[in-house]
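Peer 1: Throughout, our numbering is defined as the position within the sequence shown, counted from one, plus 2. We put the beta carbon where it would ideally sit given N, CA and C, even for glycine. Below is a structure I'd like to ask you about.
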Amino acid sequence: MLTYWLMFLAPASMALLLGQGRKSNLMLFSFIGLFFALLIGFRYQVGGDWGNYLGHYNRMIGLSFDDAMQGKKEPGHQVLNWLMARWDMGVYGVNIVYGTVFMIGLVKFSRDQLYPWIAMSVAVPYMVVVVAMGYSRQGIALGIFMWAIVYLRQGKLKTYVVMILIAALFHKTAVILLPLGMFLYGKGMFLRILMIVPIVFGAWDLMLADSADNLIYQYVDKDMQSAGAKIRVAMNLLPAILFLLYRKKWKIEFDDYVFWYWIAIGSIITMGLVGVASTAVDRIALYFIPIQLVVYARLPYLARNQISPSMMKLMIILGYTAVLFVWLNYATHAYAWVPYNNILLMNIF
């Protein structure tokens with residue numbers, strides 16, 4: 003467990019020591035990002051889906067490109083596994099690519115926040131440890147999504163759309179994120195809708211249509227129950243409520259109110275639907291996790307008239323300390339993460 007606590011305490015200590023600092027600490031953020039990417043990429047038998055991803059890689063060994071693309075997994079995932087098998091890089095080659103892209107997205111997104119180290123700290127207990135180390139394909143999709151949000155805030159809608167389509171090559175469910183692009187700025191809304199709607203339908207037809215019936219069967223008809231789904235969805239619900247409570251100040255201080263409004267609404271809706279199809283809702287709610295980062299990274303400023311920024315930062319860090327402690331010690335599938343092993347450390351010792 004020590005590795006996970008070190009991962010959390012590194013950004014948490016910076017969050018408590020430093021104040022606001024958007025776009026600062028590039029070197030330190032880069033170091034932390036590289037450190038996390040190595041821990042994600044070179045982990046050994048860590049994560050609930052470790053066996054599945056190892057099987058995906060092993061099935062690509064010795065296959066031609068045409069044969070490799072005959073599978074039912076997302077094309078980006080298949081191509082990456084085929085390349086790594088061809089270069090004899092092992093499943094670690096796949097994981098280091100996924101971990102690196104995820105961390106680039108997380109670092110860029112965190113540095114774009116008012117309190118960047120709070121955003122990074124909030125990400126560790128679940129987004130980094132569970133998603134990036136467990137759900138590799140959705141992890142890279144989530145990382146690309148956060149990266150794309152940074153470009154969207156700069157008004158680069160086309161870049162956002164392209165990046166979400168790339169994310170969908172690794173996890174098809176990412177196509178649901180395309181319509182969010184039209185909500186960031188009010189200007190040119192009709193034109194944005196005209197541009198995004200055909201892209202959404204085209205992406206659906208290309209990536210999801212053939213497997214839609216199977217997805218519905220797997221996630222809804224079979225009533226798959228994702229252990230702990232209600233707790234994970236509830237983690238998005240609290241910042242969504244806080245966002246709505248401070249919506250007036252948010253509108254005045256920040257230019258991305260509408261975008262996060264819809265993420266907040268989506269978080270509330272998923273809480274209401276989690277009892278119907280918990281696995282499906284749980285996987286969709288993973289894309290809403292960034293609301294935790296952005297709300298808590300701005301809350302010390304938004305709530306400064308009620309609670310001092312220093313006290314608010316401490317409360318947030320203590321809250322996520324509890325999240326990590328509870329997950330590592332009491333989560334149903336924590337055994338798949340504990341103890342942590344890494345091939346780089348195994349080779350040294």
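1. Among the candidates G35, I267, R139 and W329, whose CA atom is the shortest distance from the CA of H58?
2. Quick check: the Cα distance between F290 and L85, rounded to an integer number of angstroms?
3. Are the beta-carbon atoms of Y55 and A299 separated by less than 9 Å?
4. With distances taken from CA atoms, which of V260, V340 and G268 is nearest Y6?
5. Under a three-way DSSP split, which group does N343 fall into?
6. May I have the straight-line CA-CA distance separating K251 from L275, to the nearest angstrom?
7. To which residues of the same chain is F104 closer than 6 Å at the C-beta, ignoring the five residues directly before and after it?
8. Report the rounded CA-to-CA distance for F172 versus D258, giving the unit in angstroms.
9. Counting along the chain, where does the alpha helix (DSSP H) carrying T175 start and finish?
10. For R45, which three-state DSSP category applies?
11. What number of angstroms, rounded off, separates the C-alpha of P77 from the C-alpha of R61?
12. Do the stretch 253-272 and the stretch 308-317 touch if we need at least three Cβ pairs shorter than 8 Å?
13. Tell me whether the beta-carbon of V163 lies closer than 9 Å to the beta-carbon of M9.
14. Under 8 Å: do the stretch 81-97 and the stretch 33-41 share three or more Cβ pairs, one atom per stretch?
15. Thinking C-alpha only, which one of L18, A121, K110 and G136 is nearest R45?
16. Return the Cβ separation of V152 and F111 in integer angstroms, given the expectation that the two are a contact with Cβ distance under 8 Å.
17. In whole angstroms, what separates the C-alpha of T323 from that of L18?
18. Which of helix, strand or coil does DSSP assign to K315?
19. With DSSP as the reference, label K75 as helix, strand or coil.
20. Expressed to the nearest angstrom, what Euclidean distance is found between the alpha-carbon atoms of S269 and R234?
21. At what residue ranges does the stretch 105-149 contain a whole run of the beta strand (DSSP E), taking only runs of 3 or more?
22. For K315 versus I120, is the C-beta spacing smaller than 9 Å?
23. For G50, which option in H79, V132, L30 and L295 has the closest C-alpha, if you only look at C-alpha atoms?
24. Apart from the five residues on each side of it in sequence, which residues of its chain come closer than 7 Å, Cβ to Cβ, to M3?
25. Within its chain, find whatever has a CB closer than 7 Å to the CB of L246; leave out the 5 residues flanking it on each side and keep chain order.
26. To the nearest whole angstrom, what separates the beta carbons of Y248 and L304, a pair I think is in contact under 8 Å?
27. If we call anything under 9 Å between Cβ atoms a contact, is V297 one with L346?
28. For V294, count the other beta carbons within 10 Å of its own beta carbon; 16 or more makes it buried, fewer makes it exposed. Which is it?
29. Quick check on this structure: which residue in A150, G73, V126 and V48 has the alpha carbon closest to the alpha carbon of H335?
30. Starting from R249 and walking both ways along the alpha helix (DSSP H), at which residues does that stretch end?
31. What does the alpha-carbon distance come out to for the pair Y332 and I168?
32. Taking 8 Å as the limit between beta carbons, can you name the residues of its chain near I34, skipping five residues before and five after?
33. With DSSP run on the structure shown, which of helix, strand or coil describes W264?
34. Can you name, in chain order, every residue of its own chain whose Cβ lies under 7 Å from the Cβ of K232, other than the five neighbours on each side?
35. Nearest-angstrom Cα distance between S15 and L320?
36. Could you tell me the alpha carbon to alpha carbon distance between L30 and S66, rounded to whole angstroms?
Peer 2: The structure says:
1. R139
2. 31 Å
3. Taking 9 Å as the Cβ cut-off, Y55 and A299 do not qualify as a contacting pair.
4. V340
5. coil
6. 29 Å
7. A134, G141, I142 and G145
8. 27 Å
9. Per DSSP, T175 belongs to no alpha helix (DSSP H) and is neither H nor E.
10. strand
11. Roughly 14 Å between the two C-alpha positions.
12. no
13. no
14. The stretch 81-97 makes no contact with the stretch 33-41: fewer than 3 CB pairs, one atom from each, lie closer than 8 Å.
15. G136
16. 6 Å
17. Those two C-alpha atoms are separated by around 13 Å.
18. helix
19. Here K75 sits in coil by DSSP.
20. 11 Å
21. none
22. yes
23. V132
24. L330 and V340
25. A266
26. 5 Å
27. no
28. For clarity, residue 294 is Gln in the given sequence; the question names Val instead. So Q294 counts as buried.
29. V48
30. R249 to E255
31. Straight-line measurement puts the Cα of I168 at about 35 Å from the Cα of Y332.
32. A12, P13, V109 and M122
33. helix
34. V276
35. 11 Å
36. 42 Å
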